[in-house]
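One structure is given here, and the rest of the page talks about it.
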Amino acid sequence: MLRAITRLFRHGELDCEDVAALSSDYIDNELKPEKRSAFQAHLSKCGPCQAFVGTLASTISALGRLPGVTAPAALKQSLIDRMHKEN
Ligand SMILES: [Zn+2]
C-alpha cells in the first residue's frame, strides 16, 4: 500500500525494478523518448543500474556478433535476478 502511494507521487520517475524491466527495450532503442529520458535520469544517479545495463548491453552485443544468435530471454532474466539479489 505504501509502495502504491509512493509510486503515485513519483510521476514518471523509474525505480530499479522499472529499469530492469525496461533495460532490454532501452538497449534495443525501443523506448519512447520520455521513457528513455526517465530511464537515463535514473541511470545517472544509480550505480547498480548503470552496471546492470552495461553488463546486459555488452552481453547482448557480444552475442549479437555471433551469426544467428540472439540473447536468450533466460539469460536476461538471470541478470535481472542477480541484480535484485545484490540490492
Ligand atoms: Zn537503480
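The numbering of the sequence shown is this note's numbering, which starts it at 166 and goes up by one.
Backbone N, C-alpha and C fix where the C-beta goes; we use that ideal spot for every residue, glycine too.
* Top-ranked residue by Cα proximity to A238, from S189, E182, R201 -> S189
* Asked: If you check the beta carbons only, do A222 and I192 fall under 7 Å apart?
  -> yes
* Looking at the unbroken alpha helix (DSSP H) that takes in D183, where does it start and where does it end? -> Here the alpha helix (DSSP H) through D183 covers 181-192.
* Asked: Should V184 be listed as close to ligand 1, given that the test is whether its C-beta is under 6 Å from any heavy atom?
  -> In this structure, the C-beta of V184 approaches ligand 1 to less than 6 Å from one of its heavy atoms.
* Asked: Are the beta-carbon atoms of G177 and A203 separated by less than 7 Å?
  -> yes
* To do: Pick helix, strand or coil for P232, following the three-state DSSP scheme.
  => Coil at P232, not helix or strand.
* To do: Quick one: grab the DSSP three-state call for G219.
  => Here DSSP, grouped into helix, strand and coil, assigns G219 to helix.
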